[in-house]
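Chemist:
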Amino acid sequence: MSRRLLGYVLGHRRAYLIGFALSLLSTGLSVTNPWVLRLAVDGIRAGAAPRLLVGLAAAYVGIALTGGFIRYHWRMKMLGAGRRIEYEIRNDYFAHLQRLHQAFFQHTRTGDLMARAINDLNTISRLVGVGIMHSFNTIFMFTAAGTLMFTIDPPLALVVMVILPMVSLVFVLLGRRIHRQYEQVQEQFSTLSARAQENFSGIRVVKAFAQESAEIATFGVINREYMERSLRLARTSGALWPAMTLILGGAAAAVLWQGGHAVVAGRITLGQLVQFFGYLMMLSWPMIALGWVATIVQQGLASMRRIETILDSRPAIAEPPESVRPERLRGEIEFRDVSFAYNGVPVLRGINLRIPGGATVAIVGPTGSGKTTLVSLIPRLFDPTGGAVLVDGIDVRRLSLAALRGSIGLVPQESFLFSDTLEGNLAFGVEGGDGSRVREAAETARLAPEVAGFPMGYQTVVGERGVTLSGGQKQRATIARALARDPEILILDDALSSVDTRTEEEILHALRRFMATRTSLIISHRISTVRGADLIVVLGDGRIVEQGTHDVLLASGGLYADLYQKQLLKEALEADEDSSQ
Amino acid sequence: MSTAFHEDEIIGAAYDARLMRRLMGYVRPYRAAVALAVVLLLLTSAASLVGPYIVRIAIDDHITPGRLEGLGVVILAYLGALTAAFVLRYAQTYMMARVGQHAMYDLRMELLTHLQRLSVGFYTRQPVGRLVTRVTNDIEALNEMITQGVVAIFGDLVTLVGIVAILLYLDWRLALATMLVLPAIILFTARFRAVAREAYRAIRVRLARINAFLNEHIMGMGIVQLFGREAREQARFEELNREHLVAGMASLRSFAVFHPVVGAMSAVAVAIIIAYGGAQALAGTISVGLVVAFVQYAQRFFEPIEDLAEKYNILQAAMASSERLFRLLDEPIEVEDPPAPLRADRVRGEIEFRNVWFAYESVPEHDWVLRDVSFRILPGESVAFVGHTGAGKSSIINLITRFYDPQQGCVLVDGSDVRGWDQRDLRRHIGLVLQDVFLFAGTIEDNIRLGTSSITSEQVRRAAEFVNAARFIERIPGGYQAQVQERGSTLSGGQKQLIAFARAIAHNPEVLLVLDEATSSVDTDTEILIQDALGRVMQNRTSIIIAHRLSTIQHVDRILVIHKGRIAEEGTHRELLSRGGIYTKLYHLQYRDQELRHDT
Ligand SMILES: Nc1ncnc2c1ncn2[C@@H]1O[C@H](COP(=O)(O)OP(=O)(O)O)[C@@H](O)[C@H]1O
Ligand SMILES: Nc1ncnc2c1ncn2[C@@H]1O[C@H](COP(=O)(O)OP(=O)(O)O)[C@@H](O)[C@H]1O
Ligand SMILES: [Mg+2]
Ligand SMILES: [Mg+2]
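Chains as they are written, first to last, in the numbering used here: chain A, 99 to 679; chain B, 10 to 609.
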């Protein structure tokens with residue numbers, strides 16, 4: 099068992115210990131039943147009084163009732179602990195996911211992470227519940243029944259003890275194979291879910307390009323492979339149970355043969371033979387359960403390994419050990435010789451940039467020049483591979499993550515909303531409050547007028563990922579969400595691309611007041627958006643190629659001026675045509 | 010949190026004849042295998058019931074009288090029965106696994122095929138996580154039912170009946186006395202079933218909520234972290250998880266009560282045999298061997314009963330799952346092809362809207378998204394839609410591509426109502442590039458080609474070059490063969506748009522090209538390159554462009570200004586400018602810079 103899983107189990111050691119004790123008690127009680135039967139059979143043969151039989155019958159019922167009572171508590175303790183452990187691991191799993199860095203999620207499929215949280219945890223729950231319960235019960239039962247068999251007749255017991263270990267042999271032989279094949283099945287199951295998830299999420303593309311048949315064909319291949327792997331597993335695992343029954347039946351036949359001779363020879367009584375049979379039957383369920391438990395254990399351990407690969411992945415971005423927690427950040431940002439690479443592919447090189455607190459900085463540059471990457475270094479979605487990013491003169495890697503991110507309002511390029519009410523989404527980053535800040539933010543982002551038109555207003559539920567809103571509404575909702583946090587640093591990553599020019603103008607106008615006292619970074623392609631900034635930074639191929647104000651850059655006649663000219667050129671042509679009319 | 014949105018539908022009764030009949034439809038193609046399995050099962054049951062009977066013969070005929078010759082033959086017969094049972098049971102298990110897996114394969118394919126036909130509107134209403142559960146876990150539950158549920162329940166029943174028959178045959182009086190406990194057991198089991206069912210439903214519903222929560226939060230983890238919501242999301246998750254735990258404990262309790270109670274009742278039956286049977290044996294009316302055999306049969310009698318209760322859970326699960334599956338299979342295809350759909354090898358590319366009223370909601374009164382929209386786009390014409398966000402531009406596209414159908418009026422392509430077309434065929438003529446780019450796991454080349462195997466690598470490359478995507482693709486390690494991570498998270502927004510654009514070009518729609526804000530994330534340089542490409546593609550093609558940057562659309566033949574779901578203005582760039590309406594305002598806002606320069 100993995101050390102981590104053991105830790106969870108030990109956390110419930112009281113429940114397990116009580117469970118063991120109850121299991122012992124229940125075993126002790128149940129081995130008396132065959133003994134009662136023996137007394138009855140021998141009594142009948144000896145011609146005892148019927149009163150004795152009635153007494154034995156009553157004892158039989160009494161023992162069963164007490165045993166039942168104990169078994170109830172035993173199950174509740176052991177299986178309950180299993181469920182609680184599932185609960186704990188699931189909580190820890192989610193907590194760990196929340197600590198993992200952005201890059202992790204970009205390289206792991208959502209469907210796969212979900213399968214672990216649901217299916218694998220279910221298997222683990224069975225391992226630490228039913229699995230542990232029956233493992234120990236089997237040991238107790240085996241010891242108790244085995245010992246009693248020896249007290250009845252050692253040679254007869256020896257016969258049983260020679261045959262039964264074959265059961266273990268079958269497990270070892272089949273178990274390893276079952277385990278391997280089961281993992282292959284699980285793997286294919288993950289592929290299937292991931293593929294389905296992708297198809298459903300991208301259904302618009304599938305339909306727009308009439309890819310339905312191609313998709314179905316792909317599913318067919320994955321599905322068939324899944325079926326074949328499952329059948330391979332069935333061929334192996336299907337043998338387990340029948341093999342158990344065969345071995346146990348063999349033992350019964352041997353006992354009947356040997357025991358019959360012993361009774362005739364007068365070594366044991368018929369009652370003792372019946373008692374012996376009783377023990378053999380008692381062993382049969384635990385023995386069969388052993389096969390089942392072996393599978394549960396195998397599957398559970400495999401699942402635990404899958405969970406552990408996640409729990410063991412270290413968050414690349416974590417709270418520093420001795421973090422600095424400033425009262426309030428001023429919002430001064432500095433990039434000091436920053437370089438960055440995704441998996442060894444350089445994206446940013448030698449970036450040096452100083453942004454005074456309260457300044458408004460625009461970042462422009464061609465697609466893929468590294469704008470998004472640059473700004474995501476500030477809230478530490480990624481850490482630079484070289485150099486340092488400083489906020490208020492402190493390396494962000496030394497700042498407490500909560501303090502750092504708490505003072506940043508970032509509007510990502512792609513809008514993501516939760517399937518909550520609009521209100522819930524806008525207040526996402528706000529602790530407490532009466533909602534006035536949210537309303538104000540919605541005003542600033544020019545979302546409020548449209549919300550007023552919704553029948554449910556702020557209580558409107560947006561669909562998963564905000565699908566029921568238009569692109570512009572979504573973007574404005576994400577802007578409002580960031581504003582509602584009242585951040586010291588505001589970052590807009592191409593956040594106005596889906597709104598029309600008039601709305602953009604209105605938003606910028608409303609934002610101006612907001613940005614006057616805060617540091618703001620705005621990424622945009624529209625000159626109209628960036629021209630008013632205190633500083634315009636032009637990125638090209640991961641480097642800063644120019645910086646300055648709109649006028650300075652225009653005058654310097656570089657890349658920015660070039661962009662500007664291109665945007666203007668057509669207008670100029672059109673305008674000339676217009677004025678010539 | 011909108012629980013209503015995530016609530017997994019509550020489920021019906023455990024056994025429902027209608028559902029069962031429909032389920033059995035999936036087994037029907039394999040009925041020969043099932044029949045064989047049933048025969049094997051009957052034989053297995055018979056073989057496994059001989060044990061106590063053999064014990065009785067051994068005791069009464071050989072051990073009690075002390076006559077050992079012949080005992081060997083009896084035991085050999087027993088071993089023979091055991092071996093037969095082994096082979097039969099293995100064969101039967103494997104047969105059923107085959108049937109289960111094949112039925113599951115069929116059902117899964119049917120479901121996926123149906124899902125591909127459901128409308129886009131359907132997908133906006135369903136959380137993706139829920140649909141994934143349908144095609145994975147729900148179908149799995151069905152397999153369990155076939156392999157472990159139905160056949161095993163049948164096997165248990167056969168065993169029960171077999172034991173009763175043997176007991177009656179051995180001694181009917183003692184048999185009846187033993188079965189005195191039966192009514193109590195039946196009553197108790199019925200009660201247990203009701204409780205177990207409730208507990209089971211609760212578990213399912215809560216698990217579905219956890220699923221939906223996880224799906225959403227894993228996708229939006231970046232937002233959670235940026236907004237420092239970890240602690241609160243953790244609390245919400247733990248709450249959902251706790252509800253699931255509570256439901257699990259309730260289910261546990263019902264089973265923890267059930268097993269001991271059945272055990273106690275079985276003890277009562279054995280006690281009756283000891284007291285009553287024992288008295289008979291003392292009186293010499295029956296043999297000791299018979300009493301022993303009775304005890305052994307009685308103990309076996311309760312195993313299938315306990316088993317049945319567990320199997321009931323599987324049945325319950327399968328019924329619940331199949332009800333959800335069938336509901337999904339019965340989900341009407343809102344956007345359906347007509348019986349004899351129109352197919353065309355080529356289209357001219359004429360598009361017409363005739364008095365179209367459209368709303369996303371089924372009760373639209375207040376929520377019309379398009380109001381009485383009529384226009385006509387001639388073959389080869391290029392048209393732009395402009396207007397504020399939420400004006401209804403994308404919705405118009407949704408109607409042309411028939412992602413949705415209008416409530417009133419009609420949309421015509423080449424003079425025929427799109428509702429008369431074969432949808433897939435219609436869309437094959439349309440190249441659609443959307444603002445939200447969706448990329449699939451696979452290489453960049455796969456993403457451009459999608460599943461259209463007739464597109465060669467050469468064509469993929471040409472398309473990429475055409476839209477100027479080749480430059481950046483070739484710089485990525487691996488180039489066209491580079492793997493795209495989930496949803497293209499390692500590419501920049503503009504790069505994704507270029508790929509989507511290349512995808513549309515590679516599929517070479519002959520006539521219609523529709524760009525819905527497809528260049529909003531592209532920098533001016535790239536946009537100019539795309540424009541240049543567009544100029545070439547748009548020749549001889551009907552094209553529709555939606556863009557906020559007016560520079561993107563200046564060269565189109567005609568501009569339609571959409572305002573609050575209506576067509577407010579229409580004309581060429583110059584006509585609209587001279588009209589001094591909405592367009593003029595939009596234009597001036599965007600080009601103030603330029604005007605400033607003119608002023609100075
Ligand atoms: N998560 C990632 N993993 C690997 N490469 C990435 C990732 N995100 C972006 N890139 C690459 O880094 C470069 C810069 O991307 P980005 O910062 O998004 O550009 P911009 O925002 O300027 O368009 C691009 O070449 C892009 O392909
Ligand atoms: N799937 C949907 N379900 C419900 N309402 C929608 C959906 N998609 C868009 N809407 C609503 O329809 C209106 C028009 O949206 P849309 O056509 O996307 O506007 P745009 O002109 O910005 O493209 C908006 O008010 C939007 O909220
Ligand atoms: Mg970007
Ligand atoms: Mg739109």
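For glycine and all other residues, C-beta sits at the position ideal for the given N, C-alpha and C. As the structure is a prediction and not an experimental result, all values here were calculated from the model.
So, A/S505 versus A/E425, is the Cβ gap smaller than 7 Å?
Modeler: Position 407 of the first sequence, counted from the start, is the residue given in the question as residue 505 of chain A. Position 327 of the first sequence, counted from the start, is the residue given in the question as residue 425 of chain A. Their beta carbons are not under 7 Å apart, which means A/S505 does not touch A/E425 by this criterion.
Chemist: Would the C-beta of B/L32 count as close to ligand 1, meaning under 6 Å from any of its heavy atoms?
Modeler: By one-based count along the second sequence, residue 32 of chain B stands at place 23. No, the Cβ of B/L32 stays beyond 6 Å of every heavy atom of ligand 1.
Chemist: Tell me the DSSP secondary structure of B/D362 in three-state form.
Modeler: Working through the second sequence from its first residue, we reach residue 362 of chain B at position 353. Checking the sequence, you will find Phe at residue 362 of chain B rather than Asp. B/F362 falls in the strand class under three-state DSSP.
Chemist: Once DSSP output is grouped into helix, strand and coil, what is the label at B/L448?
Modeler: Sequence index remark: in the second sequence, residue 448 of chain B carries index 439 (1-based). Three-state result, B/L448: coil.
Chemist: For B/M208, decide whether its Cβ has a neighbour in chain A, counting only Cβ atoms nearer than 7 Å.
Modeler: Here residue 208 of chain B is taken as the residue at index 199 of the second sequence, counted from 1. Contrary to the premise, residue 208 of chain B reads as Ala rather than Met in this sequence. Closer than 7 Å: no.
Chemist: Note down, in chain order, every chain B residue with its Cβ under 9 Å from the Cβ of A/Q295.
Modeler: Position 197 of the first sequence, counted from the start, is the residue given in the question as residue 295 of chain A. Result: V137, G138, L140, V141, N224.
Chemist: Run the proximity test for B/V378: is its beta-carbon closer than 6 Å to any non-hydrogen atom belonging to ligand 2?
Modeler: Locating residue 378 of chain B in the second sequence gives position 369, counting from the first residue. Answer for B/V378: yes, Cβ within range of ligand 2.
Chemist: Evaluate B/G293 with the Cβ neighbour count: other Cβ atoms within 10 Å of its Cβ, from every protein chain shown; 16 or more gives buried, anything less gives exposed.
Modeler: For the purposes of this step, residue 293 of chain B is identified with residue 284 of the second sequence, where counting begins at 1. So B/G293 ends up on the exposed side.
Chemist: Kindly indicate which three-state DSSP category B/L441 falls into: helix, strand or coil?
Modeler: Here residue 441 of chain B is taken as the residue at index 432 of the second sequence, counted from 1. Note: B/L441 maps to strand in three-state DSSP.
Chemist: Helix, strand or coil for B/P341 per DSSP?
Modeler: What you label residue 341 of chain B is simply residue 332 of the second sequence in a count that begins at 1. Looking at B/P341 - three-state DSSP - the assignment turns out to be coil, as it is neither helix nor strand.
Chemist: B/F412 touches chain A at which residues, Cβ-Cβ below 9 Å?
Modeler: Taking the second sequence and counting its residues from 1, one reaches residue 412 of chain B at position 403. In chain order: R302, K305, A306.
Chemist: Since A/F192 meets chain B, which of its residues come closer than 7 Å, beta carbon to beta carbon?
Modeler: For the purposes of this step, residue 192 of chain A is taken as residue 94 along the first sequence, with counting starting at 1. Simply Q243, F246.
Chemist: Quick one: Cα of A/T125 to Cα of A/G165, how far?
Modeler: The residue you call residue 125 of chain A lines up with position 27 of the first sequence. The residue you call residue 165 of chain A lines up with position 67 of the first sequence. Roughly 9 Å between the two C-alpha positions.
Chemist: Look up A/E488 in the DSSP assignment and give the residues it is bridged to.
Modeler: Taking the first sequence and counting its residues from 1, one reaches residue 488 of chain A at position 390. At residue 488 of chain A the sequence reads Leu, which differs from the Glu that was named. Beta-bridge pairing links A/L488 to A/E432, A/D493.
Chemist: Helix, strand or coil: which one does DSSP assign to B/D25?
Modeler: By 1-based counting over the second sequence, the position of residue 25 of chain B is 16. DSSP places B/D25 in coil when its eight states are reduced to three.
Chemist: For A/G638, which residues does DSSP report across the bridge?
Modeler: Counted from its first residue, the first sequence places residue 638 of chain A at position 540. Partner(s): A/R641.
Chemist: Is there a C-beta anywhere in chain B that falls below 7 Å from the one on A/W133?
Modeler: Within the first sequence, numbered from 1, the residue matching residue 133 of chain A stands at position 35. So, not an interface residue.
Chemist: Given the structure, does B/Q563 come close to ligand 1, in the sense that its CB is under 6 Å from one of the ligand's heavy atoms?
Modeler: Counting from one through the second sequence, the residue named residue 563 of chain B turns up at place 554. Checking every heavy atom of ligand 1 against the Cβ of B/Q563, none is found closer than 6 Å.
Chemist: Beta carbon of A/G551: closer than 6 Å to some heavy atom of ligand 2?
Modeler: Within the first sequence, the letter at position 453 stands for residue 551 of chain A. No.
Chemist: Spatial neighbours of B/L586 within its chain, please: CB distance less than 8 Å, with the 5 preceding and 5 following residues excluded, ordered by chain position.
Modeler: The sequence position of residue 586 of chain B within the second sequence is 577, counting from 1. Taken in chain order, the residues that qualify are Y592, T593, Y596.
Chemist: From what residue to what residue does the alpha helix (DSSP H) around B/A244 run?
Modeler: Reading the second sequence from its first residue, position 235 is the one you call residue 244 of chain B. Unbroken alpha helix (DSSP H) run through B/A244: 239-281.
Chemist: Between the C-alpha atoms of B/L176 and B/I295, what's the straight-line distance to the nearest angstrom?
Modeler: Position 167 of the second sequence, counted from the first residue, corresponds to residue 176 of chain B. Position 286 of the second sequence, counted from the first residue, corresponds to residue 295 of chain B. The straight-line gap from Cα to Cα measures roughly 13 Å.
Chemist: In chain order, what residues of the same chain have a beta carbon less than 8 Å from the beta carbon of B/E370, not counting five sequence neighbours either side?
Modeler: Along the second sequence, one-based indexing puts residue 370 of chain B at 361. Cβ within range, chain order: D376.
Chemist: Hey, quick one: how far does the alpha helix (DSSP H) through A/Q200 stretch, first residue to last?
Modeler: Start at 1 with the first residue of the first sequence, and residue 200 of chain A comes out as number 102. That run of the alpha helix (DSSP H) goes 200-205.
Chemist: So if DSSP puts B/M395 in a beta bridge, which residue, or which two residues, is it bridged to?
Modeler: Position 386 of the second sequence, counting from 1, holds the residue named residue 395 of chain B. Correcting the residue identity first, residue 395 of chain B is Val in this sequence and not Met. DSSP output for B/V395 lists B/V570 as bridge partner(s).
Chemist: Hey, is B/L559 close to ligand 2, as in C-beta under 6 Å from one of its heavy atoms?
Modeler: In the second sequence, counting from the first residue as 1, residue 559 of chain B sits at position 550. No, the beta carbon of B/L559 sits no closer than 6 Å to any heavy atom of ligand 2.
Chemist: For ligand 2, is there any heavy atom lying closer than 6 Å to the beta carbon of B/Y413?
Modeler: Translated into the one-based positions of the second sequence, residue 413 of chain B becomes position 404. Not under cutoff, so the answer is no.
Chemist: Can you tell which of B/R436, B/A515, B/I439, B/D445 has the C-alpha that lies nearest to the C-alpha of B/E474?
Modeler: As a first step, residue 474 of chain B must be located in the second sequence, where it is residue number 465. Out of B/R436, B/A515, B/I439, B/D445, B/A515 has the C-alpha closest to the C-alpha of B/E474.
Chemist: On the criterion of 16 or more Cβ atoms from any shown chain inside 10 Å, does B/I7 qualify as buried, or is it exposed?
Modeler: For residue 7 of chain B there is no data in the structure shown, the boundaries of chain B being 10 and 609.
Chemist: Exposed or buried, what is B/N477 when buried is set at 16 or more other beta-carbons lying within 10 Å of its beta-carbon?
Modeler: Within the second sequence, numbered from 1, the residue matching residue 477 of chain B stands at position 468. When all chains shown are included, B/N477 counts as buried.
Chemist: Going by the beta-carbon positions, is the gap between A/D639 and A/S467 smaller than 7 Å?
Modeler: To locate residue 639 of chain A, count along the first sequence from 1; it is residue 541. To locate residue 467 of chain A, count along the first sequence from 1; it is residue 369. Against a cut-off of 7 Å, the Cβ pair of A/S467 and A/D639 comes out as a contact.
Chemist: Sorted by chain position, which residues of the same chain lie with C-beta nearer than 6 Å to B/A106's C-beta, five sequence neighbours on each side aside?
Modeler: By one-based count along the second sequence, residue 106 of chain B stands at place 97. Closer than 6 Å at the Cβ level, and outside the excluded window around B/A106, lie T156.
Chemist: Could you give the distance in angstroms between the alpha-carbon of A/P418 and the alpha-carbon of B/V233?
Modeler: Walking along the first sequence from the start, residue 418 of chain A turns up at place 320. Walking along the second sequence from the start, residue 233 of chain B turns up at place 224. Their Cα atoms are separated by approximately 19 Å.
Chemist: Counting only beta-carbon separations shorter than 7 Å, does A/L661 have a partner in chain B?
Modeler: The count along the first sequence starts at 1 and reaches residue 661 of chain A at position 563. So, interface residue.
Chemist: Quick check: A/V258 and A/I345, are their CB atoms within less than 7 Å of each other?
Modeler: Sequence index remark: in the first sequence, residue 258 of chain A carries index 160 (1-based). Sequence index remark: in the first sequence, residue 345 of chain A carries index 247 (1-based). Their beta carbons are not under 7 Å apart, which means A/V258 does not touch A/I345 by this criterion.
Chemist: Please state the DSSP three-state secondary structure of B/G429.
Modeler: Counting from 1 along the second sequence, the entry for residue 429 of chain B is found at position 420. Residue state, collapsed to three classes: helix.
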